[in-house]
Amino acid sequence: MQNPFLSNRKSFITYSGIWVLVMGFHVFLLIISERVTIGFALADGIISNALFAAIGLGLWFPIFFSRSEKEKILSSFINHIFACVITIGIWITLSYFLLYSLFGSQTADIAFLRSSLPWRAGIGILYYGVIILVYFLMIFYRTHRENLVKESQLMTLVKESELSSLKSQINPHFLFNSLNSISSLTMIQPEKAQEMIIKLSDFLRYSLSNKDEKLTALREEINNINRYLDIEKIRFGKRLVVVMKANEACYDLKLPGLILQPLVENAIKFGVYESTEESVIEITSNCNPDALSITIRNAYDPEFPYKKGEGIGLKNIRSRLGILYNRDDLLTIRKGPDQYEVNIMFPQLK
Amino acid sequence: MENLKAIIIDDEELARSLIRNYLKELPGIQILAECENGFEGIKAISELNPDMVLLDIQMPKLNGFEMLELLESPPEIVFITAHNEFAIRAFEMNAVDYLLKPYSRDRLVTAVQKAAERIRTGKREPEKITGLVQQPLAETLERIVVRSGSRIKVIPVDKITRFEAQDDYVMLYTDEGQHMKQGTMKYFEDHLDPAKFIRIHRSHIVRIDQVTHLEPYSKENYILKLKNGTSLKVSRSGLKSLKDKLNF
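These protein sequences, in sequence, are chains A and B. Under the numbering used here, think of the first position of the first sequence as 1, with each following residue one higher. Under the numbering used here, think of the first position of the second sequence as 351, with each following residue one higher.
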């Protein structure tokens, strides 16, 4: 980042203006003290302050580049004492020799110059402190403003992703087709219509809860899939055959919420949607104490390729797994000649 | 209403029974058959010759559109589907109406009456598209269904290397052979993925990844060479789109 005093004309003018004021004050004090000639007073004011103004600009770099979060307060304090000593050493030496080379013949002036060295050191420390403080304030202010912007951007992103995850959870076609089935059932089997409404409501309630933010027990996810499959069975009748091989010993293991339903939905889309006969969906779960493994299999007809819709759902799941477990090898897809198989491993976090 | 003969085609039993029950008390309509998929649908339509078909779109093997494409002179079609994104394509195919599931009895009766009106007046101009349409033009084609003799073949678009116009038909070329399909080049040009296919001539659409190079043939005339050795004429506008797409 560029020195804030050099980044635009306005702040450079302000910086220079302040130094001109200080310079004037310096000269004024020397003149009313009547201990030096006016020429010396002017030269001293200009040289000393112009030098410190230049050094002050340079102080930006050690500050900006050592601004690491890890640095301890003590070590940063020590660093500043060192930097301060060196800065003031350079400043006094340079201004001393410049003034000496100009006024070496005027003994009174030089005597004053020598006697004022401790004062100069004191003023130097003050200047150093003020400049460092101003720099820190500027950095702090700028970071604060950047953080505010970042935060608001992050909030928007979170909102958007919540919205899109909500959208992707419930497939509108599933919803409308189910409602159509219910509409049909009300005419022929009202009790069954009621049963389907309750299942659909439970399914929607589960999907709308914020389960995808936290880990859920397998039991709950299996229950949700069963509700979903029950609804689809009412729609597809004998065409949908579900083989659930869920190992009950795994029921308390954890996995991200709402992650299995999209996979089952995919399986139905590629299996049942495209089949006129019975189509089997097989869901298997296995586990050991360190990991839970879920496999979802469906048959498909290789004669009737249908790839639309593939991709986005799986991509979402892959990225969710990546964020949660920080691994990209948890989802595996095997596409056989007439069978499609998706397997996910869920590492168990201790 | 005259005696209107109808066929219901939907893969879900409950969806069919809803139509049946809605129409039960409507006089003058006779349901000839109910079909579970496009294959049964084609068979029933050609054997029973109905006046109208109540047709679902999303069905196994052969969807509603693909089934329609295979019919020489289709009856009046009322689409009944949960998908709103196919409305434009449905009206392109001259559908009478497009119902979104779930729908009321009155809505279905209106659609049936529209069909009856069309049959009575013999008018078949497309309906004004209203309300439903929010999506841009229908999705790109993924597969194409062709008829060879009595067999129906589904060809994935990815296997097709090029399309060639032949009178009222379009010839589809794959590595395995060629298939004739009723339709226009314009239809395919509009519905193929423009990232994969390019129209190079009035009579030719080719898959972009099949192109090897362009050869000058005479002044301002070019020949496009394909991987399998085929040479095709390139028109002036074809040359322009080739240049735009492939940076020739």
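Using N, Cα and C, we set each Cβ at its ideal position, and we do this for glycine too. None of the values given here were measured: they were computed from a predicted structure.
Should isoleucine 357 of chain B be labelled buried (16 or more other beta-carbon atoms within 10 Å of its own) or exposed?
Per the 10 Å Cβ criterion, buried.
Tyrosine 523 of chain B - DSSP class collapsed to helix/strand/coil:
Strand at tyrosine 523 of chain B.
DSSP beta-bridge partners for phenylalanine 429 of chain B?
Per DSSP, B:Leu405 and B:Tyr448.
In terms of residues, what are the limits of the alpha helix (DSSP H) holding phenylalanine 5 of chain A?
4 to 7
Check the Cβ-Cβ distances between alanine 383 of chain B and every residue of chain A, and say whether any is below 8 Å.
The beta-carbon of alanine 383 of chain B is placed no less than 8 Å from the nearest beta-carbon of chain A.
Looking at the C-beta of alanine 356 of chain B, does it have a partner C-beta in chain A at a distance below 8 Å?
no
Could you tell me if the beta carbon of tyrosine 128 of chain A falls within a distance shorter than 7 Å of some heavy atom in the ligand PLP?
Here there are no bound small molecules, and the ligand PLP is not part of this structure.
What is the rounded straight-line gap between the Cα of arginine 549 of chain B and the Cα of proline 172 of chain A?
36 Å
Going by beta-carbon coordinates alone, are asparagine 180 of chain A and lysine 451 of chain B separated by less than 8 Å?
yes
Using beta carbons (cut-off 8 Å, strictly below), is serine 500 of chain B in contact with chain A?
no
CB contact check: glutamate 274 of chain A to chain B, cutoff 8 Å
yes
Determine, using beta carbons only, whether tryptophan 227 of chain A comes closer than 8 Å to chain B.
The question names tryptophan, yet the displayed sequence has arginine at residue 227 of chain A. Answer no: the Cβ-Cβ gap between arginine 227 of chain A and chain B never drops below 8 Å.
State buried or exposed for valine 27 of chain A, treating a residue as buried only when at least 16 other CB atoms are found within 10 Å of its CB.
buried
Quick check: what's the CA-CA separation for serine 95 of chain A versus serine 75 of chain A?
30 Å
Whose Cβ in chain B lies nearer than 8 Å to the Cβ of isoleucine 188 of chain A?
Ser367 and Asn371
Buried or exposed for glycine 17 of chain A, going by 16 or more other Cβ atoms inside 10 Å?
Result: exposed.
Should isoleucine 430 of chain B be labelled buried (16 or more other beta-carbon atoms within 10 Å of its own) or exposed?
The residue in question, isoleucine 430 of chain B, is buried, as its Cβ has 16 or more Cβ neighbours within 10 Å.
Rounded to a whole number of angstroms, what is the C-alpha to C-alpha distance between aspartate 202 of chain A and threonine 186 of chain A?
Their backbone Cα atoms lie some 19 Å apart in a straight line.
Do isoleucine 505 of chain B and leucine 522 of chain B have their beta-carbon atoms positioned less than 8 Å apart in this structure?
yes
When the cut-off is 8 Å and only beta carbons count, does asparagine 180 of chain A lie next to chain B?
yes
Excluding the five sequence neighbours on either side, which residues of its own chain have a C-beta within less than 8 Å of the C-beta of alanine 465 of chain B, listed in chain order?
Residues Leu354, Asp401, Met402, Glu426, Val428, Val446 and Asp447 of the same chain have their beta carbon placed closer than 8 Å to that of alanine 465 of chain B, with the five preceding and five following residues left out of the count.
Alpha carbon of aspartate 301 of chain A to alpha carbon of aspartate 338 of chain A, nearest angstrom:
6 Å
Any C-beta of chain A sitting closer than 8 Å to the C-beta of asparagine 387 of chain B?
yes
Alpha-carbon spacing of isoleucine 296 of chain A relative to serine 587 of chain B, whole angstroms
The alpha-carbon atoms of isoleucine 296 of chain A and serine 587 of chain B are separated by roughly 50 Å.
Looking at the structure shown, is asparagine 147 of chain A part of a helix, part of a strand, or coil, going by DSSP?
helix
Report the rounded CA-to-CA distance for valine 134 of chain A versus alanine 121 of chain A, giving the unit in angstroms.
20 Å
At the 8 Å Cβ level, is leucine 364 of chain B part of the contact set with chain A, yes or no?
Yes, contact with chain A.
Looking at the C-beta of lysine 595 of chain B, does it have a partner C-beta in chain A at a distance below 8 Å?
no
Since asparagine 266 of chain A and glycine 336 of chain A should fall inside the 8 Å C-beta cutoff, what is the C-beta to C-beta distance between them, to a whole number of angstroms?
The Cβ separation is near 16 Å, so there is no contact.
Determine the chain A residues that contact proline 452 of chain B at a beta-carbon separation under 7 Å, and present them in chain order.
Phe176, Leu179, Asn180 and Ser183
Per DSSP, what kind of secondary structure is arginine 366 of chain B in: helix, strand or coil?
helix
Taking the runs of the alpha helix (DSSP H) that are 4 residues or longer, which of them lie wholly in the stretch 179 to 234 of chain A?
190 to 208
Note down, in chain order, all residues in the stretch 410 to 433 of chain B with a beta-carbon under 8 Å from any beta-carbon belonging to chain A.
Pro410, Lys411, Ala432 and His433
Counting only beta-carbon separations shorter than 8 Å, does valine 459 of chain B have a partner in chain A?
It does not: the Cβ of valine 459 of chain B has no partner Cβ on chain A nearer than 8 Å.
Are the CB atoms of leucine 200 of chain A and isoleucine 231 of chain A within a distance shorter than 8 Å?
yes
Tell me which residues share the same chain as arginine 235 of chain A and place their Cβ nearer than 8 Å to its Cβ, disregarding the 5 neighbours each side in the sequence.
Asn177, Ser178 and Ser181
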